[in-house]
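Using my numbering, you'd call the opening residue of the sequence shown number 13 and step up by one each time.
Using N, Cα and C, we set each Cβ at its ideal position, and we do this for glycine too.
Predicted model, so just to flag it, every value in this text is computed and none were measured.
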Amino acid sequence: MPRSPVRPRRGAAAALAAVALALPLAAAPAGAVAPVSAPAAAPSPSPSDSGVRELTPEVADQLDSAVRKVMDEADVPGVTVGIWTPDQGGYVRSFGVADKGDGRRMAPDLYTRIGSETKTFTVTALLQLVDQGKVSLDDPIAKYIGGVPNGDRISLRQLAGMRSGLYNYSDDPDFFKALTSDPQRSFTPRELLDYSFKHPVLFQPGKKFDYSNTNLILLGLVVEQRSGQQLGDYIQEHILDPAGMNRTSFPSGAQFPKPHPQGYTNQTADGKVEETAGWNPSWGWAAGAMVSTLDDLRVWAPTVATGELPDGRRMIDASTQRQRLVTPPTGVPGAGYGLGIFDVRGWIGHNGSLPGYESLTVYLPSARTTLVVLLNTDIDHDGQEPSTLFGEAITRIISPGHVFDLPAQPAAH
């Protein structure tokens, strides 16, 4: 989520942050490493006309050093990075450990929790219902869900674009206490909304950008009501299956396919670091509960950014996709947020964070380049979340004209 879900984090900056930081991971082996493909005669590493450098051995070495430096400085146990540009080579490497207890290495094939990237799937489901004529983006949420503060004035479009003014339930102190006192607890969507609705609205609809997980819980309920399916079932049938993403899922509870890394967080009742692989992500539901893999997110990045499935069929009608990609300013320089998706200096996509895990999945249309970063901690470093540190460090090397450089916000407690 921007970092939220689960870092119950807020803000466009939250949902997307990325800050550069470089660091050395001593002489630790790089873990599972997939070969870097590059032309036999390494071309110039300077940026191409599209603004992205070819992934030559020289560039790969620079990336290795930058990733290790961020790991060392931010104390990240393990990270996997994937970069792909058609006809310019690819880079897939894992560094560090998946589990500090047994020393198991991080690897590119592990399942991981993707937090707020779930929002891109929930909003895609909503937009498909728009295409089917079952909802309109300008409908008030009160048409579908009762009891929402300002519900007769807040549109589905404003919910998807983080401009509703509704309080973010994951910022509520009682919610944080409930989550950290019993991380295996299962929350219902209505319970999550109750944490939000006891607070007054922050502003009138459409007046400003404010990242709120509450918005997505409401949209998930709309998808269920208008489709007649459970949200996870709808996403599976109408999004994941058509995209061929057979290693991505929307768990109904704490399910976590194996193999997966252990997660590490300090978002705990006493502030001490705990392992989180067994925590229940139901508290994120439509805003942050999903699980995926590097290869599936490689597929998702261009699919969600273009609205086109890998086989060429439309996932979202072109006119609806254009509305999705209208990304008004967020207040953070260079960053705009559309309908469940952001644009940071040309990189389109989302990031995610929840206790123990972070991810970043973005696509640069000008170069058709995909970047995916997956890591097994959400512990801030000097006020920055680690996924943003990797995002900035990597893009400074591969796309110096398009640096993913959002400042992070601290986790909401």
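Return the CA-CA distance between residue 110 and residue 403, expressed in angstroms with no decimal places.
-> 20 Å
Neighbourhood of residue 374 by C-beta distance below 6 Å, restricted to the same chain and skipping five residues each side | 359, 361, 383
For the beta strand (DSSP E) that residue 347 lies in, which residues bound it at each end?
-> 347 to 349
Indicate whether the contact test is met: 3 or more Cβ pairs, each with one atom in the segment 365 to 373 and one in the segment 320 to 334, closer than 8 Å.
-> no
Option in 145, 226, 381 with minimal Cα separation from residue 441 = The question about residue 441 has no answer, for the chain in this structure spans 13 to 425.
Spell out a yes or no on whether the segment 124 to 132 and the segment 391 to 403 are touching, meaning 3 or more CB-CB pairs, one atom from each, closer than 8 Å.
-> no
Residues of its chain near residue 292, where Cβ-Cβ distance is below 7 Å and the 5 sequence neighbours each way are ignored = 195, 196, 197, 198, 265, 266
According to DSSP, which residues form a beta bridge with residue 332?
-> None; residue 332 has no bridge partner.
Using the C-alpha atoms, what's the distance from residue 68 back to residue 51?
-> With a pLDDT of 28 at residue 51, under the threshold of 50, the modelled position of that residue is not reliable, and the figure given next carries that caveat. The straight-line gap from Cα to Cα measures roughly 7 Å.
First through last residue of the beta strand (DSSP E) which encompasses residue 105 | 102 to 108
For residue 117, does the three-state DSSP call read helix, strand or coil?
-> strand
Please classify residue 406: does DSSP put it in a helix, a strand, or coil?
-> helix
Delimiting residues of the alpha helix (DSSP H) encompassing residue 70 = 69 to 86
Using only alpha-carbon positions, find the residue among 124, 113, 76, 98 that is nearest to residue 107.
-> 76
Would residue 47 be called buried (16 or more neighbouring beta carbons within 10 Å of its own) or exposed?
-> Note that residue 47 scores a pLDDT of 32, beneath 50, so its modelled location is shaky; the value from the coordinates is reported in the next line. Its Cβ having fewer than 16 others within 10 Å, residue 47 is exposed.
Proximity of residue 238 and residue 147 at Cβ, strictly below 9 Å | yes
Identity of the residue in 115, 211, 290, 172 nearest residue 230 by Cα | 172
Cα-Cα, which of 308, 122, 250, 243 is closest to residue 300?
-> 243
May I ask you to list the residues that DSSP assigns as paired with residue 354?
-> 349, 361
Within the 9 Å Cβ cut-off, does residue 418 reach chain C?
-> In the structure shown, chain C does not exist; there is a single protein chain.
Does the Cβ-Cβ distance between residue 323 and residue 257 come in under 9 Å?
-> no
Do three or more CB pairs link the segment 78 to 92 to the segment 378 to 392 at distances below 8 Å?
-> yes
From the DSSP output, read off the bridge partner residues of residue 95.
-> 103, 383
Is DSSP giving residue 415 helix, strand or coil here?
-> coil
Whose CA, out of 274, 340, 410, lies closest to the CA of residue 432?
-> Outside the shown range of the chain (13 to 425) lies residue 432, about which nothing can therefore be said.
Could you check the C-alpha separation between residue 149 and residue 168 for me, to the nearest Å?
-> 5 Å
With DSSP as the reference, please indicate the residues paired to residue 396 in a beta bridge.
-> 393
Determine the direct distance from the alpha carbon of residue 319 to that of residue 337, and round the result to whole angstroms.
-> 10 Å
Secondary structure at residue 193, three-state DSSP: helix, strand or coil?
-> helix
Enclosing beta strand (DSSP E) for residue 374 [first to last residue] | 369 to 376
Cβ-Cβ separation, residue 218 to residue 170 (assumed contact under 8 Å), whole Å | 6 Å
Alpha carbon to alpha carbon, how far is residue 349 from residue 175?
-> 10 Å
Alpha carbon of residue 119 to alpha carbon of residue 102, nearest angstrom | 16 Å
Close beta carbons around residue 36, own chain, < 6 Å, minus the five adjacent residues each side = Reliability of the predicted coordinates at residue 36 is poor, the pLDDT of 23 falling under 50, and no value is obtained from them.
In terms of DSSP beta bridges, what is residue 286 paired with?
-> 277
Name the DSSP bridge partner or partners of residue 90?
-> 108
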